[in-house]
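According to full-length UniProt numbering, the residues represented by the sequence shown are 1 to 365, in order. Data first, discussion second: the structure below is written as structure tokens.
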Amino acid sequence: MAESPTRKPWIEGIHAYVPGQSKDAAGRELVKLSANENPLGTSAAAIAAMEGLAGPARYPDPDAAALRAAIGRVHAIDPARIVCGTGSDELLNLAAQGYAGPGDEVLFPRFSFAVYDIAARRCGAVPVEASDVDYGADVDALLAAVTPRTRVVFLANPNNPTGSFLPAAEIARLHAGLPRDVLFVLDQAYAEYLDPRDDDNGLALAQRHENVLVTRTFSKIYGLAGERIGWATGAPDVLDTLNRIRGPFNVTGHGQAAARAAVEDQGFVERSRRHNAAERARFVEVVEALGNRGLRALPSAGNFVMVLFEGATSAREAHAAIARAGYSVRHFSAPGLDHALRITVGTREQMDAIAAVLRDVAGEA
């Protein structure tokens, strides 16, 4: 029998990314509060921009020039210092691929976005987790975990899946403590959900330093998850690295048009931010009222809340009850998170329905 191709040994350690559940065990469609999508949908301007395009027979602009210009205007960034990708996931993977390889280390906090581990292993590097503080990033632990083999440090701020957030002073302290030859990747997928006064100053940091890359996405507050569009900014040399290895024509024509219209519709962004802040606060009050039943909501700066089940009711039981009610939320099987559910902030009616299930399973109905 002929031998089959042998894959690289580091691929064996990759556990494929598991998306949020959308159906129950019987195949019934669930209301999806498991993927942190925007319950308000998509900007009408973005939808109109897609509808106004011609057919898909032609390749899109490989440089996404008009989209980069629009992002640059909104964020006061030179478009030459912006690169677009197939979601921010592509850009995170490119950062690891461009700066790490076999024998190197890629560092990130415990309870981080699952893609960081995958990105490290894809290029043969070793993923390293720094210890957390109550499910959030610990700057001192990250700095203590840096070794001569560290090539890339990933940090999500706000963090997915726990919702934790480091203020600007802590971000600056972390960067200042890293060696200059380590690439600091600040993943700001949920940054638009922050009150502008809480900006972590990451974009400014990326403009001033040679070893900072900031990534963002149109999948969250902009409501364009289905189009897979992300962007990043940093020093010219870092962007040159990403441009050399990114896929050609990596952002579709419809995606570029939609994202361009979306980023220019900051009114939709503000409405989404206000809705999220109000409904998140209401939902957290419900969870806090169930504290005597062992439920705890981690402080969240994103469009989701991680609820810990530390009493008689288990996360698995709550997850099943929520599914029976017709909703999907995220249950993690990873060590240290099997007692938690990440619940996306949905509409007012959806959050009331989830709250009712939690009261019921906790015995407070």
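Cβ atoms here follow ideal geometry from the backbone N, Cα and C, with glycine treated the same way. Bear in mind that the values here come from a model prediction, so they are computed numbers and not experimental data.
Q.
What residue range does the alpha helix (DSSP H) around residue 141 cover?
A. 139-145 is the extent of the alpha helix (DSSP H) around residue 141.
Q. Where does the unbroken alpha helix (DSSP H) through residue 241 begin, and where does it stop?
A. Annotation for residue 241: the continuous alpha helix (DSSP H) segment containing it runs 236-245.
Q: Starting from residue 47, follow the alpha helix (DSSP H) in both directions and report where the run begins and ends.
A: Boundaries of the alpha helix (DSSP H) harbouring residue 47: 44-51, taken from the DSSP string.
**Q.** Residue nearest to residue 351 in terms of C-alpha spacing, selected from 298, 280, 311, 331
**A.** Nearest C-alpha to residue 351: 280.
**Q.** Exposure label - residue 82; buried when at least 16 CB within 10 Å
**A.** Label assigned to residue 82: buried.
**Q.** residue 63, DSSP secondary structure in three states
**A.** Note: residue 63 maps to coil in three-state DSSP.
Q) According to DSSP, is residue 172 helix, strand or coil? A) Secondary structure of residue 172 (DSSP, three-state): helix.
Q.
Please identify the residue among 117, 224, 291, 230 whose C-alpha is closest to the C-alpha of residue 49.
A. Measuring from the Cα of residue 49, the nearest candidate turns out to be 224.
Q.
Between which two residues does the beta strand (DSSP E) holding residue 85 run?
A. Residues 82-85.
Q.
Just list the residues that DSSP pairs residue 233 with in beta bridges.
A. Residue 233 has 82, 214 as its beta-bridge partners, per DSSP.
Q: Whole angstroms is fine: what's the gap from residue 391's alpha carbon to residue 188's?
A: Because the chain spans 1 through 365 in this model, residue 391 falls outside it and cannot be assessed.
Q. Once you ignore the five residues that flank residue 286 on each side, which residues in its own chain have a CB closer than 7 Å to its CB?
A. 355, 358.
Q | Where residue 327 falls, given that 16 or more other Cβ within 10 Å makes a residue buried | A | Residue 327 is buried by the Cβ-count criterion.
Q | Cut-off 8 Å between Cβ atoms - residues of its own chain near residue 261, not counting five sequence neighbours on either side | A | Cβ within range, chain order: 43, 45, 46, 48, 49.
Q) In three-state DSSP terms, what is residue 339? A) In the structure shown, residue 339 sits in coil (DSSP, three-state: anything other than H, G, I, E or B).
**Q.** Limits of the unbroken alpha helix (DSSP H) element including residue 114
**A.** Where residue 114 is concerned, the enclosing alpha helix (DSSP H) stretches over 114-122.
(Q) Using the three-state DSSP reduction, which class does residue 131 fall into: helix, strand or coil? (A) In the structure shown, residue 131 adopts coil according to DSSP, grouped into three states.
Q.
Here's the rule I'm using: 16 or more other beta-carbon atoms within 10 Å means buried, otherwise exposed. How should residue 244 be labelled?
A. A residue is called buried when at least 16 other Cβ atoms come within 10 angstroms of its Cβ; residue 244 does not meet this threshold and is exposed.
Q. Where does the unbroken beta strand (DSSP E) through residue 151 begin, and where does it stop?
A. From DSSP, the beta strand (DSSP E) with residue 151 extends over 150-156.
Q: Could you please give me the residues that DSSP links to residue 222 through a beta bridge?
A: DSSP output for residue 222 lists no bridge partner at all.
Q.
Would the segment 99-119 count as touching the segment 247-265 if we require 3 or more Cβ pairs under 8 Å?
A. Of all C-beta pairs linking the segment 99-119 to the segment 247-265, fewer than three are shorter than 8 Å, placing the two stretches out of contact.
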